[in-house]
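Undergrad: Chains A and B, in that order, are what the protein sequence lines are. In terms of the working numbering, the first sequence opens at residue 1 and continues consecutively. In terms of the working numbering, the second sequence opens at residue 173 and continues consecutively. Please find one structure pasted underneath; my questions will follow.
There are 2 protein chains.
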Amino acid sequence: MTTTSSLNQVDLEAVGALAGKVQQDPAAGQTRWAANVHWTGAFRSESQVRSFPPAASDEPAGLGGSDTAPNPVEQLLSALGNCLAVGYAANATAAGIEIKDLDIAVDGDVDLRSFLGLAPGHAGFSAIRVRVDLDTDAAPEAVAQLHRKVAASSPVGHTLQAAVPVEITPGS
Amino acid sequence: MTTTSSLNQVDLEAVGALAGKVQQDPAAGQTRWAANVHWTGAFRSESQVRSFPPAASDEPAGLGGSDTAPNPVEQLLSALGNCLAVGYAANATAAGIEIKDLDIAVDGDVDLRSFLGLAPGHAGFSAIRVRVDLDTDAAPEAVAQLHRKVAASSPVGHTLQAAVPVEITPGS
Numbered sequence: 001m002t003t004t005s006s007l008n009q010v011d012l013e014a015v016g017a018l019a020g021k022v023q024q025d026p027a028a029g030q031t032r033w034a035a036n037v038h039w040t041g042a043f044r045s046e047s048q049v050r051s052f053p054p055a056a057s058d059e060p061a062g063l064g065g066s067d068t069a070p071n072p073v074e075q076l077l078s079a080l081g082n083c084l085a086v087g088y089a090a091n092a093t094a095a096g097i098e099i100k101d102l103d104i105a106v107d108g109d110v111d112l113r114s115f116l117g118l119a120p121g122h123a124g125f126s127a128i129r130v131r132v133d134l135d136t137d138a139a140p141e142a143v144a145q146l147h148r149k150v151a152a153s154s155p156v157g158h159t160l161q162a163a164v165p166v167e168i169t170p171g172s
Numbered sequence: 173m174t175t176t177s178s179l180n181q182v183d184l185e186a187v188g189a190l191a192g193k194v195q196q197d198p199a200a201g202q203t204r205w206a207a208n209v210h211w212t213g214a215f216r217s218e219s220q221v222r223s224f225p226p227a228a229s230d231e232p233a234g235l236g237g238s239d240t241a242p243n244p245v246e247q248l249l250s251a252l253g254n255c256l257a258v259g260y261a262a263n264a265t266a267a268g269i270e271i272k273d274l275d276i277a278v279d280g281d282v283d284l285r286s287f288l289g290l291a292p293g294h295a296g297f298s299a300i301r302v303r304v305d306l307d308t309d310a311a312p313e314a315v316a317q318l319h320r321k322v323a324a325s326s327p328v329g330h331t332l333q334a335a336v337p338v339e340i341t342p343g344s
């Protein structure tokens, strides 16, 4: 087993330094994240995160959009897949497991009746499924442990599986 | 009041046609959405939705990433803001309300201890806050009704506020 920082190209030292800092001072683990969305007409908008270029959002033509970009529920599935990818990279590297290839397919179901105002109730995903295709030579029991660790520590996965309070406030 | 399709550039006819179709055949409202994530080394990955160009994901340097793109929890906040923007555009247009400008600021808190393996439990957002800055000349009671309608019908907002089952399956 090796935990050198070149395994999977992961900078384990940076992760270890952060973990050490948070262990000494739990307040350092309290992080705040933000995104700013600007409506650009019809069902199009752009989201800006830190100083990265704005990312476009739109809806398919069948939903009344102009179909120029992934829509918000697809973006949410992407966020989940990307979050799990970080989890696999971090936990595999810490366990000395080399990832040769990793693909994560995410899909989920939405009943549009609530969004369209045809039925009250839950307008979101009723279920989300993830298939993880991990190519590695690691032992099956190490891989099984890796799958468990990632599922147990995914910030986006846990956000979706919990009822998170969302407070929406009109600006002044 | 007007509900012409040029208001807010929204194609109300397409939305109305879909609503009519789903009302006649509820099965038409059952939709499935997907994203495919490919790990590209370290904490970087790319998500592909339909035939759109892949979108990059990374982590900040402080979290061991190479800081080339928004991270997954920021992507999730973007998805929420973009979803609310669609909700405002759709419901404002249906109500004959002109949107002159719309900005949506989303932020939320994550305790990194669970992600870092320093504490068991919820690794996701503990709370998410949204500030909606809507510039419109509509009457205050119509605007208040609009805020209520959007909050009551947001697919991403409802997904976050509910405990959604997420099934993670290793590929063969």
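Beta carbons: idealized from backbone N, C-alpha and C, even for Gly.
Please determine if the region 299-307 of chain B and the region 255-273 of chain B are in contact, where contact requires at least 3 C-beta pairs separated by less than 8 Å.
TA: The region 299-307 of chain B is in contact with the region 255-273 of chain B.
Undergrad: So, for A/A142: in the same chain, excluding its five sequence neighbours on each side, which residues have a beta-carbon less than 8 Å away from its beta-carbon?
TA: Same-chain partners within the cutoff: A95 and I97.
Undergrad: Exposed or buried, what is B/R320 when buried is set at 16 or more other beta-carbons lying within 10 Å of its beta-carbon?
TA: Result: exposed.
Undergrad: Under the DSSP definition of a beta bridge, which residues are partnered with A/T31?
TA: In DSSP, A/T31 forms a bridge with B/V282.
Undergrad: From the DSSP secondary-structure annotation, give me the bridge partner or partners of B/R216.
TA: Partner(s): B/G213.
Undergrad: Pop quiz: B/S219 and A/A123 are said to be a contact at Cβ under 8 Å. What is the actual Cβ separation, rounded to whole angstroms?
TA: Wrong, their Cβ atoms sit about 23 Å apart, outside the cutoff.
Undergrad: Using a Cβ-Cβ distance under 8 Å, would A/L63 count as near chain B?
TA: Yes, A/L63 lies at the interface with chain B (some Cβ there is under 8 Å from its Cβ).
Undergrad: At a Cβ cut of 7 Å, what residues of the region 141-155 of chain A count as close to chain E, listed as they run along the chain?
TA: Included in the structure are the protein chains A and B, with no chain E among them.
Undergrad: So, is A/E13 buried or exposed, given that buried needs 16 or more other C-beta atoms within 10 angstroms?
TA: Exposed, since its Cβ has fewer than 16 Cβ neighbours within 10 Å.
Undergrad: Under a three-way DSSP split, which group does A/N36 fall into?
TA: Three-state result, A/N36: strand.
Undergrad: Should B/D183 be labelled buried (16 or more other beta-carbon atoms within 10 Å of its own) or exposed?
TA: The residue is buried, with at least 16 neighbouring Cβ atoms inside 10 Å.
Undergrad: Along the alpha helix (DSSP H) that carries B/A267, what are the first and last residues, could you check?
TA: Taken as a continuous stretch (DSSP letters only), B/A267 belongs to no alpha helix (DSSP H), as it is neither H nor E.
Undergrad: For B/A235, name the three-state secondary structure that DSSP assigns.
TA: Contrary to the premise, residue 235 of chain B reads as Leu rather than Ala in this sequence. In this structure, B/L235 counts as helix in the three-state DSSP scheme.
Undergrad: Label B/G192 either buried or exposed according to how many other C-beta atoms from any shown protein chain fall within 10 Å of its C-beta, with 16 as the threshold for buried.
TA: Exposed is the call here.
Undergrad: Beta carbons nearer than 7 Å to chain B: which residues of the region 109-125 of chain A have them?
TA: Listed in sequence order: D109, V110, D111, L112, R113, S114, F115, L116, G117, L118, H122, A123, G124 and F125.
Undergrad: Tell me which residue opens and which closes the alpha helix (DSSP H) that A/A14 is part of.
TA: Start and end: L12 to Q24.
Undergrad: CB B/V302 to CB A/A34, shorter than 8 Å?
TA: No, these two residues do not count as a Cβ contact at 8 Å.
Undergrad: With distance defined between alpha-carbon atoms, name the residue in B/E339, B/F224, B/L235 and B/N263 nearest to A/T68.
TA: A/T68 has its Cα closest to that of B/F224, out of B/E339, B/F224, B/L235 and B/N263.
Undergrad: Within 8 Å (strictly less), CB to CB, does A/E98 reach chain B?
TA: So, not an interface residue.
Undergrad: Does any residue of chain A bring its CB to less than 8 Å from the CB of B/L190?
TA: Yes, its Cβ sits closer than 8 Å to a Cβ of chain A.
Undergrad: A/D11 versus chain B: which residues are under 9 Å apart at the beta carbon?
TA: Neighbours of A/D11 on chain B, chain order: A214, F215, A233, G236, G237 and S238.
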